[in-house]
Amino acid sequence: MHSSFISEQELSFKSHSLLKKFYGYDSFYPLQYDAIQCVNRGDDCLVLMPTGGGKSLCFQIPALLFDGCCIVVSPLISLMKDQVDSLCSNGIPAAAINSSQDEYSNREILENVFKGRIKLLYISPERLLSEMDQWSDDMAISMIAIDEAHCISQWGHDFRPEYSQLSTIKRRFPNAPIMALTATADKLTRKDIVKQLGIGDAKIFLSSFDRPNLSLNVIEDGASKHKLQTITKLIDRHEGESGIIYCLSRSTTEKLAESLCALGYKAECYHAGLANIVREKVQKRFLNDDTQIMCATIAFGMGINKSNVRWVIHYNMPKSMESYYQEIGRAGRDGLDAETLMFYSYGDVITLTSFIRDSGQVVVNTEKLNRMQQYAESHVCRRRILLSYFNERYDKDCGNCDVCKNPPTRIDGTIIAQMALSAIIRCNEKIGISMLIDILRGANKADIKAKGYDTIKTYGIGRQLSVRQWSHYMLQFLQLGLFEIAYDEGNSLKVTKYGYDILKGNEQLEVSEYVYEQPAAKKKEKVKAKGIVNPSTLLSSLKSLRLEISKSLGVPAFIIFSDKVINTIAELKPTTKEEFSSIHGIGEIKSEKYWKQFTDVVKSHNGLL
Numbered sequence: 090m091h092s093s094f095i096s097e098q099e100l101s102f103k104s105h106s107l108l109k110k111f112y113g114y115d116s117f118y119p120l121q122y123d124a125i126q127c128v129n130r131g132d133d134c135l136v137l138m139p140t141g142g143g144k145s146l147c148f149q150i151p152a153l154l155f156d157g158c159c160i161v162v163s164p165l166i167s168l169m170k171d172q173v174d175s176l177c178s179n180g181i182p183a184a185a186i187n188s189s190q191d192e193y194s195n196r197e198i199l200e201n202v203f204k205g206r207i208k209l210l211y212i213s214p215e216r217l218l219s220e221m222d223q224w225s226d227d228m229a230i231s232m233i234a235i236d237e238a239h240c241i242s243q244w245g246h247d248f249r250p251e252y253s254q255l256s257t258i259k260r261r262f263p264n265a266p267i268m269a270l271t272a273t274a275d276k277l278t279r280k281d282i283v284k285q286l287g288i289g290d291a292k293i294f295l296s297s298f299d300r301p302n303l304s305l306n307v308i309e310d311g312a313s314k315h316k317l318q319t320i321t322k323l324i325d326r327h328e329g330e331s332g333i334i335y336c337l338s339r340s341t342t343e344k345l346a347e348s349l350c351a352l353g354y355k356a357e358c359y360h361a362g363l364a365n366i367v368r369e370k371v372q373k374r375f376l377n378d379d380t381q382i383m384c385a386t387i388a389f390g391m392g393i394n395k396s397n398v399r400w401v402i403h404y405n406m407p408k409s410m411e412s413y414y415q416e417i418g419r420a421g422r423d424g425l426d427a428e429t430l431m432f433y434s435y436g437d438v439i440t441l442t443s444f445i446r447d448s449g450q451v452v453v454n455t456e457k458l459n460r461m462q463q464y465a466e467s468h469v470c471r472r473r474i475l476l477s478y479f480n481e482r483y484d485k486d487c488g489n490c491d492v493c494k495n496p497p498t499r500i501d502g503t504i505i506a507q508m509a510l511s512a513i514i515r516c517n518e519k520i521g522i523s524m525l526i527d528i529l530r531g532a533n534k535a536d537i538k539a540k541g542y543d544t545i546k547t548y549g550i551g552r553q554l555s556v557r558q559w560s561h562y563m564l565q566f567l568q569l570g571l572f573e574i575a576y577d578e579g580n581s582l583k584v585t586k587y588g589y590d591i592l593k594g595n596e597q598l599e600v601s602e603y604v605y606e607q608p609a610a611k612k613k614e615k616v617k618a619k620g621i622v623n624p625s626t627l628l629s630s631l632k633s634l635r636l637e638i639s640k641s642l643g644v645p646a647f648i649i650f651s652d653k654v655i656n657t658i659a660e661l662k663p664t665t666k667e668e669f670s671s672i673h674g675i676g677e678i679k680s681e682k683y684w685k686q687f688t689d690v691v692k693s694h695n696g697l698l
């Protein structure tokens with residue numbers, strides 16, 4: 090056991106004082122203070138908190154309390170920049186060493202660390218591993234924080250080989266407690282993080298994974314035309330607010346961004362195929378609110394520290410619950426309501442299964458995909474399924490997911506299933522789902538006639554159901570185990586024993602009824618310049634001032650104040666420095682800097698100026 094850095098008696102008073110002074114908060118979230126106590130005793134720990142749950146405070150407060158500098162290992166330059174900008178704007182001395190700066194600047198920063206002028210130093214794992222042996226033993230290192238720690242585990246959803254060498258940190262800095270932090274890690278990944286870092290005795294702080302401010306919605310649909318209609322309806326509900334659309338392929342991000350721009354929305358694409366400089370510029374425009382919508386692959390990920398993302402859409406089903414949770418977690422980081430939507434189709438399952446074959450972790454990744462598929466097809470509260478995946482019990486329905494809001498109607502699906510199963514068998518189990526639907530609906534297609542499928546008894550037997558209805562029921566038949574997809578035989582369908590029982594009438598089958606959604610009425614004119622908010626409101630005036638200040642300082646608007654703080658200013662209408670300073674989330678430094686400008690806007694709207 091290491092000796093305490095400061096006495097337990099002082100810890101509570103000092104840490105709460107720093108919390109109020111620099112961050113403008115009166116109290117800690119659950120487990121934040123416990124983690125601070127842990128490193129104050131000199132012990133290692135693993136902190137799991139959801140995105141927006143306040144992980145950073147767990148090491149930033151101790152960094153301010155202890156003598157020396159806290160080293161923060163971070164995987165992305167953009168993530169470092171956001172964190173450093175945010176800390177500096179709060180008056181906390183922080184810096185980052187990375188390849189985007191010249192070596193003279195990096196050396197100067199290290200010199201300032203040595204002189205005790207910097208409290209938090211952000212650095213990539215590669216850079217730390219290559220440099221730490223050259224650092225002087227006199228350099229006071231108070232603690233090591235390893236952010237996005239799931240990257241260290243081969244079971245994590247974003248494994249990075251360079252992270253796996255971080256166990257050497259413990260040997261190089263034996264007296265500095267290590268705090269590993271992540272928002273997403275199942276049991277297997279947690280065990281692996283602790284093992285890989287060589288911190289077997291680490292205390293684990295496992296916060297609730299629940300993000301009650303996020304609504305969870307899933308739509309079964311594979312048609313791009315229908316998806317675009319649904320997406321634009323959602324964007325219009327969040328006029329002027331930022332959102333991310335995750336896609337499986339680079340080409341989809343490009344086509345989708347193009348389609349949205351043609352409809353008058355401010356959208357751009359982001360994927361690993363773009364040059365670094367292009368990606369950086371695209372990301373910066375999104376962070377600065379110049380671009381409203383980001384159509385991206387999962388390459389657009391951990392660097393997104395933007396607190397005012399109001400919605401996240403998955404154009405395709407993600408590969409695992411961890412990926413899904415991490416990606417939806419980029420919405421509503423400020424604690425305000427945010428909307429998430431996932432599209433899901435059997436085509437996604439086929440594509441993701443082909444990826445898994447080349448992954449090197451076929452068994453584990455197949456199981457993860459199965460769990461994701463079960464979530465997508467579920468007809469019980471989605472939040473309960475999501476939290477149970479992370480071993481968290483949630484014993485009531487959430488009321489904030491599509492299943493809770495619109496419980497499905499159950500119908501007898503036996504006859505519908507028998508039609509499908511009969512057609513599969515009559516085609517010698519050599520057809521995929523798309524062909525099956527075409528046969529059942531009696532489609533007049535050359536490939537059906539070429540194979541003679543237009544002559545079988547079940548050709549056209551299900552023409553009373555639309556393609557979307559059949560797709561809806563096929564997904565359920567697949568999930569319920571009536572047939573399987575033989576991925577190694579061109580995705581052809583094979584009827585199972587259970588399927589034969591249904592076909593013979595030995596068993597009855599209940600399915601959720603397809604509900605037709607009325608498409609949105611077409612607008613008469615093409616919409617221009619989406620996202621402009623009525624400039625006459627106090628809220629929009631406060632946001633305009635925030636944007637003006639952020640542009641002048643070259644930082645994103647949320648670095649100045651989060652949407653939550655701006656909304657509170659609009660609601661409480663402070664006109665004095667005291668009133669402004671008392672707002673939750675405004676620390677002393679920012680109050681001193683900005684109270685006059687923001688209260689002047691309030692006074693102007695109140696007719697007092």
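Here the sequence shown is numbered in this note's numbering, starting from 90 and rising by one per residue.
From the three backbone atoms N, C-alpha and C, an ideal C-beta is built for every residue, glycine too.
For clarity, every value in this text was computed on a predicted model and none was experimentally measured.
- Bounding residues of the beta strand (DSSP E) (the contiguous stretch that carries I550): Careful: I550 lies outside any beta strand (DSSP E) and carries neither H nor E.
- Item | S256, DSSP secondary structure in three states | Secondary structure at S256: coil, using DSSP grouped into helix, strand and coil.
- Task: Tell me whether F444 is buried or exposed, calling it buried when 16 or more other Cβ atoms sit within 10 Å of its Cβ.
- Result: A residue is called buried when at least 16 other Cβ atoms come within 10 angstroms of its Cβ; F444 does not meet this threshold and is exposed.
- Would you tell me roughly how many angstroms separate the C-alpha atoms of S194 and A427, rounded to the nearest one? Looking at the two C-alpha atoms, the distance is approximately 39 Å.
- Item | Three-state secondary structure (DSSP) of F294 | Note: F294 maps to strand in three-state DSSP.
- Task: Verify whether the separation of the beta carbon atoms of Y562 and V604 is less than 8 Å.
- Result: No, Cβ-Cβ distance for Y562 and V604 is not below 8 Å.
- Taking the alpha-carbon positions, what's the Q578 to N306 distance? What sits at residue 578 in the sequence shown is Glu, not Gln. The C-alpha of E578 lies about 33 Å from the C-alpha of N306.
- Pick out whichever of R326, I320, A152 has its Cα sitting closest to the Cα of I334. In this structure, I320 is the residue among R326, I320, A152 with its C-alpha nearest to the C-alpha of I334.
- Message: Assuming contact is defined by CB atoms lying nearer than 8 Å, are D652 and S304 in contact in what I supplied?
- Response: In this structure, S304 does not lie closer than 8 Å to D652 by Cβ.
- Query: On the three-state DSSP scale, how would you describe M383?
  - Reply: Strand at M383.
- Item | Start-to-end residues for the beta strand (DSSP E) that takes in L582 | Note, L582: beta strand (DSSP E), 581-584.
- Message: Closest to S231 by C-alpha separation, out of K280, L567, F155, Q223, would be which residue?
- Response: In terms of Cα proximity to S231, the closest of K280, L567, F155, Q223 is F155.
- Message: For the beta strand (DSSP E) containing Y335, name the first residue and the last one.
- Response: Note, Y335: beta strand (DSSP E), 331-335.
- Same chain, Cβ closer than 6 Å to L100, neighbours up to 5 away in sequence not counted: Cβ neighbours of L100 beyond the five flanking positions: N129.
- Query: Alpha carbon to alpha carbon, what distance is there between M524 and K144?
  - Reply: Approximately 49 Å between the Cα atoms of the pair.
- State the start and end residues of the unbroken alpha helix (DSSP H) segment that holds D527. First-last of the alpha helix (DSSP H) with D527: 522-529.
- Message: Tell me which residues share the same chain as L153 and place their Cβ nearer than 8 Å to its Cβ, disregarding the 5 neighbours each side in the sequence.
- Response: L107, F111, I181, K208, listed in sequence order.
- Can you give the Cα-Cα distance for N394 and S297, rounded to whole angstroms? Within the model, the alpha-carbon separation for N394 versus S297 is close to 20 Å.
- Quick one: give me the first and last residue of the beta strand (DSSP E) that D501 is part of. Per DSSP, the continuous beta strand (DSSP E) segment holding D501 begins and ends at 499-501.
- Starting from H315, trace the alpha helix (DSSP H) both ways and give me its first and last residue. From DSSP, the alpha helix (DSSP H) with H315 extends over 313-326.
- Could you check what DSSP says for V622 in three-state terms: helix, strand or coil? For V622, the pLDDT reaches just 39, beneath the cut-off of 50, and the residue's location in the model is therefore unreliable, although a value from the coordinates is still provided. Secondary structure at V622: coil, using DSSP grouped into helix, strand and coil.
- Task: Report buried or exposed for D275, applying the criterion of at least 16 other Cβ atoms within 10 angstroms of its Cβ.
- Result: Here D275 is buried, its C-beta having at least 16 other C-beta atoms within 10 Å.
- Message: With distance defined between alpha-carbon atoms, name the residue in D590, R446, L564, S477 nearest to S511.
- Response: Ranking the options by Cα distance to S511, first place goes to D590.
- With which residues is W400 paired in a DSSP beta bridge? DSSP lists G332, E428 as partners of W400.
- Query: Per DSSP, what kind of secondary structure is N88 in: helix, strand or coil?
  - Reply: Residue numbering for the chain in the displayed model covers 90 to 698; residue 88 lies beyond these limits and cannot be assessed.
- First and last residue of the uninterrupted alpha helix (DSSP H) at I445: According to the DSSP assignment, I445 belongs to the alpha helix (DSSP H) that extends over 435-446.
- Evaluate K615 with the Cβ neighbour count: other Cβ atoms within 10 Å of its Cβ, from every protein chain shown; 16 or more gives buried, anything less gives exposed. Because the pLDDT of K615 is 41, which lies under 50, any placement of that residue in the model is unreliable, and the question is left without a value.
- Query: Closest by CA to G531, which one among E677, E197, G551, I186?
  - Reply: The residue from E677, E197, G551, I186 with its alpha-carbon nearest to that of G531 is G551.
- Query: What are the partner residues of V691, as DSSP defines its beta bridges?
  - Reply: BP columns for V691 are empty, so no partner.
- Closer than 6 Å by C-beta to L441: which residues in its own chain qualify, once you throw out the five before and the five after it? Chain order, please. K408, L458, listed in sequence order.
- Message: Using C-beta distances below 6 Å, list every residue in its chain close to I288, excluding the 5 sequence neighbours before and after it, in chain order.
- Response: The beta carbon of I288 is closer than 6 Å to those of D133, I267 in its chain, skipping five residues each way along the sequence.
- Query: Among the residues of its own chain, which have a CB less than 7 Å from the CB of P119, if the five just before and after it don't count?
  - Reply: So the qualifying residues of the chain are S296.
- Message: Using only the alpha-carbon positions, how far apart do V654 and Y122 sit?
- Response: When rounded, the distance between both Cα atoms is 23 Å.
- Message: Helix, strand or coil, according to DSSP, for N405 in the structure here?
- Response: In this structure, N405 counts as coil in the three-state DSSP scheme.
- Message: Suppose you measure from the CA of P164 to the CA of Q565; what does that come to, to the nearest Å?
- Response: Looking at the two C-alpha atoms, the distance is approximately 40 Å.
- Using three-state DSSP, classify L120 as helix, strand or coil. DSSP places L120 in coil when its eight states are reduced to three.
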